[in-house]
Amino acid sequence: MFQNRRVVEAAKKDSHKFNKTKLTMMEWGTAELKFIGAKDKEYVSWKTSNYKGLSIIERDKRHCVLHAYEPGTYTITAKCNRKLYKCKVTVKYQPKGTINGTITSDDFQADAYLYLIPQNANLPTYTEKQFRYALSESKKR
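Its first residue numbered 4, the sequence shown is counted upward by one per residue in my numbering.
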């Protein structure tokens, strides 16, 4: 009789989980991660593998808000009912002067030009001497 009860309890599926098992975000960006299945009386604690690269700026029983400082791979751990639940977070490098992939005008001078060149374009290569000559000629104009 008691063995059947244990089998039924073991067969119950754990309803606790993250809304995403993997999360990708840009450097200096924020993202929200939700924890599904936590009941009102259950306490959920949040941890990150490296607070210098990825920090938790807001935490609640059912969600947390992450802020990325450095590129890399991090692990967010939620602990509920003595069980650990993990989510892998990848932070990608964001070039200076861009916000979510868009170029901002703050990093350019007023007389600077911006050229968008396709990645597969065949462009001539110049030596340093040729480049300096072209730069000095453009300043003369």
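All residues carry an ideal CB built from backbone N, CA and C; glycine is no exception.
In chain order, what residues of the same chain lie with their CB nearer than 7 Å to the CB of residue i, ignoring the 5 residues before and after it?
i	result
histidine 66	Glu35, Leu36, Lys37 and Phe38
So, with DSSP's three-state summary, where would you put residue i?
i	result
arginine 62	strand
lysine 44	coil
tyrosine 136	helix
tryptophan 49	strand
glycine 3	What the structure shows of the chain is the stretch from 4 to 144, and residue 3 is not part of that stretch, so it cannot be assessed.
glycine 75	strand
threonine 24	coil
histidine 70	strand
Under 8 Å by Cβ, that's how I've got residue i and residue j pegged, so tell me the actual separation to the nearest angstrom.
i	j	result
lysine 64	valine 92	About 20 Å; that fails the 8 Å criterion.
threonine 33	valine 68	6 Å
In whole angstroms, give me the CA-to-CA distance for residue i and residue j.
i	j	result
leucine 57	proline 74	9 Å
arginine 85	glutamate 45	11 Å
tyrosine 54	lysine 16	32 Å
asparagine 22	tyrosine 136	56 Å
glutamate 30	glutamate 61	18 Å
lysine 96	isoleucine 59	Correcting the residue type first, residue 96 is tyrosine in the shown sequence and not lysine. Whole-angstrom Cα-Cα distance: 19 Å.
lysine 82	tryptophan 49	7 Å
histidine 19	proline 98	37 Å
Ordered along the chain, which non-local residues of its own chain (more than five positions away) have a Cβ less than 8 Å from that of residue i?
i	result
threonine 78	Thr51, Ser52, Lys89, Cys90, Lys91 and Val92
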